[in-house]
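What follows is a single structure, written as structure tokens, with notes after it.
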Amino acid sequence: MIGKRWASAIQDVTTKPKADCDTNHELLVATLKIKLKIKKTTVKPIRYDVKDIGEDFTIETRNRFKTLLMDIEEKEPNEITNAAKNIINETAAKHLKKRSSKKQPWISEDTLIKIKERKEAKAKFGIHAPVYRIIAKEVKQRCKRDKKNYLIGKCREIEAHMKENRSTEMYEEIKNITKTFQPRLGVIKDEKGNILTESKQIVDRWNRYCEEMYSSDSTADQQEKLEETREDEEIHLLPLRSEIEWAIGSLKDGKKPRL
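Counting in full-length UniProt numbering, the sequence shown runs from 1 upward without gaps.
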């Protein structure tokens with residue numbers, strides 16, 4: 001009566017033999033526990049570049065909002081919200097550029113246009129088509145050219161910083177163009193300082209380290225060293241001025257203080 005996919009969702013089943021359904025079968029009522037699937041939106045939201053908002057966008061948005069506020073008391077809250085949303089979206093689509101995805105700082109706008117053409121050619125003709133290969137080759141050449149020009153410009157900036165004795169800016173620029181990914185290495189060394197690479201050697205080293213740390217002999221040696229350190233500190237520790245004043249003040253009357 002029910003597919004295997006939904007068999008685990010059945011919580012309770014009850015038959016109703018007295019139900020008048022004009023059929024040879026008995027009425028069956030089941031309680032199911034199902035989880036609704038989240039609807040995935042296939043259309044991506046449009047994102048605009050809001051870094052450089054011109055006066056045209058500001059003026060048109062202000063004027064349209066003034067018109068909306070004139071009869072705001074006669075409208076419902078949802079109607080006002082939708083109207084404000086439409087004003088912003090329509091004005092942005094008219095005056096603002098769409099925000100592109102994150103790109104390398106050395107890629108020029110002409111190369112980005114060519115990359116977009118390559119994407120369209122791939123979707124239309126496929127990666128094996130001659131048209132796509134020609135555009136892809138041109139994109140690679142443009143990227144190499146842009147990166148070369150970018151590095152030349154950065155080197156000129158570094159030279160200018162060096163001539164003007166601005167060492168902080170100079171080293172910052174050098175760091176930006178030369179930094180590479182440096183993975184963190186958790187190196188384990190033995191008692192002699194040799195780097196261990198085998199897993200068995202690393203495990204044995206950890207075992208010896210834990211045994212030495214919690215052994216009684218090691219604890220006793222550390223306690224002796226600590227006591228020796230305290231004794232040395234007490235020997236070489238100079239008395240405070242308040243201690244000297246207290247010692248002199250505690251002498252009996254008529255006694256001469258001695259060193």
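Ideal Cβ positions, reconstructed from N, Cα and C, are used throughout, including at glycine.
Length of the line joining the Cα atoms of residue i and residue j
i           : j      : result
Lys35       : Thr41  : 19 Å
Asn89       : Ala121 : 30 Å
Glu138      : Lys33  : 57 Å
Lys39       : Trp6   : 20 Å
Leu238      : Gly193 : 40 Å
Lys163      : Leu151 : 18 Å
Ile177      : Phe57  : 37 Å
Asp12       : Thr23  : 23 Å
Glu26       : Lys37  : 32 Å
Gln104      : Ile115 : 13 Å
Lys44       : Phe125 : 24 Å
Ile53       : Thr197 : 57 Å
Tyr214      : Val187 : 23 Å
Ile127      : Ala136 : 9 Å
His161      : Glu224 : 57 Å
Ile59       : Lys66  : 11 Å
Thr81       : Ala123 : 38 Å
Met155      : Lys98  : Per the sequence presented here, residue 155 reads as Cys, with Met not at that position. For Cys155 and Lys98, the distance between alpha carbons rounds to 32 Å.
Ala129      : Ser100 : 27 Å
Glu191      : Asp204 : 12 Å
Glu169      : Lys175 : 10 Å
Lys252      : Leu240 : 21 Å
Gln141      : Asn149 : 12 Å
Asn78       : Ala84  : 10 Å
Arg62       : Glu55  : 10 Å
Ile195      : Lys189 : 4 Å
Glu212      : Ile202 : 15 Å
Gly153      : Lys94  : 35 Å
Met20       : Thr14  : Note that residue 20 is Asp in the sequence shown here, rather than Met. One C-alpha to the other measures close to 16 Å.
residue 260 : Trp106 : This structure cannot speak to residue 260, because the chain is shown only from 1 to 259.
Ser199      : Ile134 : 50 Å
Ile2        : Arg64  : 56 Å
Asn207      : Ile248 : 57 Å
Ser167      : Ile244 : 53 Å
Trp246      : Asn165 : 59 Å
Local Cβ density within 10 Å of residue i, reported as buried at 16 or more and exposed below that
i      : result
Ala92  : buried
Tyr171 : exposed
Thr31  : exposed
Arg118 : buried
Leu96  : buried
Tyr209 : exposed
Ile10  : exposed
Tyr132 : buried
Presumed contact (8 Å Cβ cut-off) between residue i and residue j, rounded CB distance
i      : j      : result
Leu69  : Ile87  : About 11 Å; that fails the 8 Å criterion.
Glu173 : Glu157 : 6 Å
Lys16  : Val29  : 6 Å
Exercise. Output the residue ranges of the alpha helix (DSSP H) runs that lie fully inside the stretch 98–172 and measure 4 residues or longer, sorted by chain position.
Key: 109–125 and 130–163
Quiz item: Within the chosen definition, does the stretch 100–113 reach the stretch 136–146 through at least 3 CB pairs nearer than 8 Å?
Solution: Proximity of the stretch 100–113 to the stretch 136–146 meets the contact definition, three or more beta-carbon pairs being nearer than 8 Å.
Practice problem: Inspect the CB distances between the stretch 48–56 and the stretch 70–84 and report whether three or more fall short of 8 Å. | Solution: no
Quiz item: In chain order, which continuous runs of the beta strand (DSSP E) of length 3 or greater are located wholly inside the stretch 7–85?
Solution: 10–16 and 27–32
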